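Undergrad: Okay, here's the structure, questions in a sec.
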Amino acid sequence: MTLQPEFFDRPVEEVAPELVGCVLRHGDAAGRIVETEAYHEREPACHAYAGLTARTGVLFGRPGAAYVYRSYGTHALLNAVSESEGVGAAVLIRALEPLDGLHLMRKRRRLERPDDLCSGPGKLTQALGIWLDLNGSSLQEGPIELLAPPAGAPRPRLVVGERIGINRAVELPWRFCDADSRHVSRPWPPAMRMRSRRAAA
DNA sequence: CATGGGATTGACT
DNA sequence: GTCAATCCCATGC
14 MTLQPEFFDR PVEEVAPELV GCVLRHGDAA GRIVETEAYH EREPACHAYA GLTARTGVLF
74 GRPGAAYVYR SYGTHALLNA VSESEGVGAA VLIRALEPLD GLHLMRKRRR LERPDDLCSG
134 PGKLTQALGI WLDLNGSSLQ EGPIELLAPP AGAPRPRLVV GERIGINRAV ELPWRFCDAD
194 SRHVSRPWPP AMRMRSRRAA A
């Protein structure tokens, strides 16, 4: 079932973990969400922190919309706008486990291995054919769909940690990963990073 | 108007 | 491990 605006009209740090296990679909390509991050206007890593601008308008709009923006000049990153209209907050979709349309994904990504098709926020938009023109589109009306977990699907075991690739508000534990998925963008950093980190000088 | 810096990825050492 | 690609936009003069 399609997730309704009410689902997103809540604290973003509650919406983000619940999106793990849900299904993201665009046309014939779909995947199960295995990694998300929450962003909110009150913390400086969020684009909405700067206030209402040309870039951030969608973030302050109605919950249940898609916020798609360009990252590093080259990639499109997909977010689900959350919290009430007027509040700038969204959940970044960071990784999927491919479910349908693998042939489309392989063609778009020019890769074969399923683990590499959607294991990153820029990768999954490429694999699903999601681009900047879908910024502001409705996740209820499409063409991007966000669906509740299939009936009977077990609730995923979550690993919670710090968000990736940001320099500010790094301490917030707002990254949520399916602990049992091999499709996350980076094998959950908390434990993993500690273990692989070189000993301090 | 000029500048700096990304919510990243892929190629390479 | 390092690094370039690539461009929009927020910021500052």
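What the first sequence shows, in our numbering, is residues 14 to 214, in sequence order.
The beta carbon of each residue, even a glycine, is placed where N, CA and C say it ideally should be.
All values derive from a computational prediction rather than experimental measurement.
Assign S95 to one of two classes, buried (16 or more other C-beta atoms within 10 Å of its C-beta) or exposed (fewer than that).
TA: Here residue 95 refers to the residue found at position 82 of the first sequence. Buried is the call here.
Undergrad: Would the beta-carbon of L2 fall within 7 Å of that of T15?
TA: Nothing about residue 2 can be reported from this structure: the residues present for the chain run from 14 to 214 only.
Undergrad: Suppose contacts are defined by Cβ-Cβ distances below 7 Å. Is P169 in contact with G34 by that definition?
TA: Numbered from 1 along the first sequence, position 156 holds the residue referred to as residue 169. Numbered from 1 along the first sequence, position 21 holds the residue referred to as residue 34. It is a contact, given that the beta carbons lie within the stated cut-off.
Undergrad: Answer yes if the region 63-81 comes into contact with the region 113-131, meaning at least three C-beta pairs across the two stretches below 8 Å, and no otherwise.
TA: Segments in contact, no.
Undergrad: Suppose you measure from the CA of R55 to the CA of I157; what does that come to, to the nearest Å?
TA: Position 42 of the first sequence holds residue 55. Position 144 of the first sequence holds residue 157. Taking the straight line joining both Cα atoms gives about 28 Å.
Undergrad: For L124, collect the residues of the same chain with a Cβ closer than 7 Å to its Cβ; drop the 5 residues on either side in sequence, then sort them by chain order.
TA: Here residue 124 corresponds to residue number 111 of the first sequence, with the count starting at 1. Within the same chain, L124 has close Cβ partners L130.
Undergrad: For Y62, does the three-state DSSP call read helix, strand or coil?
TA: Here residue 62 refers to the residue found at position 49 of the first sequence. Looking at Y62 - three-state DSSP - the assignment turns out to be helix.
Undergrad: So, using beta-carbon positions, are V71 and G149 closer together than 7 Å?
TA: As a position in the first sequence, residue 71 is number 58, starting the count at 1. As a position in the first sequence, residue 149 is number 136, starting the count at 1. Cβ distance < 7 Å, so V71 and G149 count as in contact.
Undergrad: Extract the residue ranges of the beta strand (DSSP E) inside the region 157-208, only unbroken runs of 3 or more that lie entirely within it.
TA: Correct list: 157-160, 171-174, 188-191.
Undergrad: Using only the alpha-carbon positions, how far apart do V28 and P18 sit?
TA: In the first sequence, residue 28 corresponds to position 15, counting from 1. In the first sequence, residue 18 corresponds to position 5, counting from 1. Cα to Cα, V28 sits roughly 11 Å from P18.
Undergrad: Mind reading off the beta-carbon distance from L109 to V47? Whole number of angstroms is fine, and I expect it under 8 Å.
TA: Reading the first sequence from its first residue, position 96 is the one you call residue 109. Reading the first sequence from its first residue, position 34 is the one you call residue 47. About 6 Å separates the two Cβ atoms, so the contact holds.
Undergrad: Does the contact criterion of 3 or more C-beta pairs under 8 Å hold for the region 138-147 versus the region 158-165?
TA: With a cut-off of 8 Å, the region 158-165 and the region 138-147 do not count as touching, because too few Cβ pairs lie within range.
Undergrad: For D41, name the three-state secondary structure that DSSP assigns.
TA: For the purposes of this step, residue 41 is identified with residue 28 of the first sequence, where counting begins at 1. In the structure shown, D41 sits in coil (DSSP, three-state: anything other than H, G, I, E or B).
Undergrad: To the nearest angstrom, how far is it from the Cα of F189 to the Cα of E50?
TA: For the purposes of this step, residue 189 is taken as residue 176 along the first sequence, with counting starting at 1. For the purposes of this step, residue 50 is taken as residue 37 along the first sequence, with counting starting at 1. Straight-line Cα distance between these residues: approximately 6 Å.
Undergrad: Any idea what DSSP makes of T87, helix, strand or coil?
TA: Here residue 87 refers to the residue found at position 74 when the first sequence is read from its first residue. T87: coil per DSSP, three-state reduction.
Undergrad: Who pairs with T69 in a beta bridge, going by DSSP?
TA: As a first step, residue 69 is located in the first sequence; it is residue number 56 there, counting from the start. None; T69 has no bridge partner.
Undergrad: Rounded to whole angstroms, what is the Cα-Cα separation between Y82 and R199?
TA: For the purposes of this step, residue 82 is taken as residue 69 along the first sequence, with counting starting at 1. For the purposes of this step, residue 199 is taken as residue 186 along the first sequence, with counting starting at 1. The straight-line gap from Cα to Cα measures roughly 21 Å.
Undergrad: To which residues of the same chain is A61 closer than 6 Å at the C-beta, ignoring the five residues directly before and after it?
TA: Taking the first residue of the first sequence as 1, we reach residue 61 at position 48. So the qualifying residues of the chain are E54, T69, L72, G101.
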